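**Q** What follows is a structure written as structure tokens; I'll ask about it next.
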Ligand SMILES: C[S@@+](CC[C@H](N)C(=O)[O-])C[C@H]1O[C@@H](n2cnc3c(N)ncnc32)[C@H](O)[C@@H]1O
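Residue numbers (the working numbering): 4 to 379.
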């Protein structure tokens, strides 16, 4: 198996390089309107935004920023296939303008626009990013009638273009089975509340700017596994540090990342070229969690009824029998900003050089038969 990954440095309001109805899944996080770190970028795309902000016209600034994003949302409708999902991670903003503290509900504005464009609105995920920051409580402290509740969550809005995707041919049906996820993952991933930390910001060589607004790899990884099949094409129209590209690589999907700021080119390329240990480790962790689950479940409730054909360990349902994970063998830049990944065939992850991957703690000697080899 091979996958291909393109980085395209252009404005996603007009994705000239992407054909109509060619995308299977969109996973993205735009710049957030009314969050100060994005003011300049929005004002560069529409100078009226800077004027509104200077005059304290926050309602007009909010709307004008969303009108900038609306153009990308409209392009998504063009490039997505019928039945494809779009998952948009966005947070609301709070801001004090002219002494008045207010919430700007980005999530509801984006949801209305998608609905207006003809997408079906689906149940959303609340991503709780708990913080211990001392300034998380806002307003008048312990004195009543002037304090505000914390803002410790973001949204993952979920939309579909047109009716449900159909899997008609035997080949499509088989690919769907290979792309299944574990029962325990279903229980966590398809819950409407996700609870994990945000990505660290402002550190390391991946940050051309002081802050990138990157999401943690876990977020696109879940969404890519939930809403696409092996070798499908995943698009991120606000690619930033390329986190969605890494998720696609880890899940054996093709990807297109569109980013307006060419300063990301070097750092994102480095990130992709050095991604193999990180993405394979993620898949090993998935296996490790499944094996832990099997042990707990069988101790408490008895043996699981089904066996995964590929790994040889028990699984909860018949739908997980063909489940395969894609372990990356090589990543090459075959043309500028165009990468090709190859994958190990049939579970031979023992070919991975143990020197390059710290698998020490993943010893696997608890009696469940499996073709996987873990180093200790
Ligand atoms: C919130 S960040 C995305 C971060 C990304 N999810 C990651 O993990 O690194 C939004 C990105 O969109 C880019 N951007 C803003 N407007 C754009 C446009 N019209 N076309 C393409 N990229 C754009 C910004 O430069 C920024 O890198």
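We treat Cβ as the ideally placed atom computed from N, Cα and C, and that holds for glycine. Quick caveat, the model's predicted, so the values are computed rather than measured.
#1: Pick from 5, 13 and 6: whose alpha carbon is nearest that of residue 264?
#2: Between the alpha carbons of residue 352 and residue 83, how many angstroms are there, rounded?
#3: Hey, would you say the C-beta of residue 15 is under 6 Å away from at least one heavy atom of ligand 1?
#4: Helix, strand or coil for residue 96? Go by DSSP, reduced to three states.
#5: What do you get for residue 47, buried or exposed, if any count of 16 or more other CB atoms within 10 angstroms of its CB means buried?
#6: Roughly how many angstroms separate the alpha carbons of residue 141 and residue 95, rounded to a whole number?
#7: Quick check on residue 336: does DSSP put it in helix, strand or coil?
#8: By a C-beta neighbour count over all protein chains shown, 10 Å radius and 16 as the cutoff for buried, is residue 164 buried or exposed?
#9: Have a look at the DSSP bridge pairing and note the partners of residue 381.
#10: Report the option in 115, 33, 4 and 11 whose CA atom is closest to the CA atom of residue 261.
#11: Check whether the Cβ of residue 9 lies closer than 6 Å to any heavy atom of ligand 1, and answer yes or no.
#12: Helix, strand or coil: which one does DSSP assign to residue 148?
#13: Would DSSP call residue 352 helix, strand or coil?
#14: Our contact map puts residue 241 next to residue 32 with C-beta atoms below 8 Å; I'd like the distance itself, whole angstroms only.
#15: For the segment 35-94, list the beta strand (DSSP E) runs that are entirely contained and at least 3 residues long, ordered along the chain.
**A** In short:
#1: Numbered from 1 along the chain shown, position 261 holds the residue referred to as residue 264. The shortest Cα separation from residue 264 among 5, 13 and 6 belongs to 13.
#2: Within the chain shown, numbered from 1, the residue matching residue 352 stands at position 349. Within the chain shown, numbered from 1, the residue matching residue 83 stands at position 80. In this predicted model, residue 352 has a pLDDT of only 48, less than 50, meaning its place in the structure is not dependable enough to derive any value.
#3: As a first step, residue 15 is located in the chain shown; it is residue number 12 there, counting from the start. For ligand 1, at least one heavy atom lies less than 6 Å from the Cβ of residue 15.
#4: As a position in the chain shown, residue 96 is number 93, starting the count at 1. DSSP places residue 96 within a strand segment (E or B) once states are collapsed to three.
#5: As a first step, residue 47 must be located in the chain shown, where it is residue number 44. The residue in question, residue 47, is exposed, as its Cβ has fewer than 16 Cβ neighbours within 10 Å.
#6: To locate residue 141, count along the chain shown from 1; it is residue 138. To locate residue 95, count along the chain shown from 1; it is residue 92. Residue 141 and residue 95: Cα-Cα distance of roughly 15 Å.
#7: For this step, residue 336 is matched to residue 333 along the chain shown. DSSP places residue 336 in strand when its eight states are reduced to three.
#8: Locating residue 164 in the chain shown gives position 161, counting from the first residue. The Cβ neighbour count for residue 164, taken over all protein chains shown within 10 Å, is at least 16; the residue is labelled buried.
#9: Any answer about residue 381 is impossible in this case: the structure gives the chain only from 4 up to 379.
#10: Position 258 of the chain shown holds residue 261. Per the Cα distances, 11.
#11: The residue labelled residue 9 in the question sits at position 6 within the chain shown. Relative to ligand 1, the beta carbon of residue 9 is positioned no closer than 6 Å to any heavy atom.
#12: By one-based count along the chain shown, residue 148 stands at place 145. Here residue 148 sits in coil by DSSP.
#13: In the chain shown, counting from the first residue as 1, residue 352 sits at position 349. Low confidence applies here, because residue 352 scores a pLDDT of 48, under 50, leaving its location unreliable and the question unanswered by this model.
#14: As a working mapping, residue 241 is identified with position 238 in the chain shown. As a working mapping, residue 32 is identified with position 29 in the chain shown. About 6 Å separates the two Cβ atoms, so the contact holds.
#15: Runs of the beta strand (DSSP E) inside the segment 35-94: 83-93.
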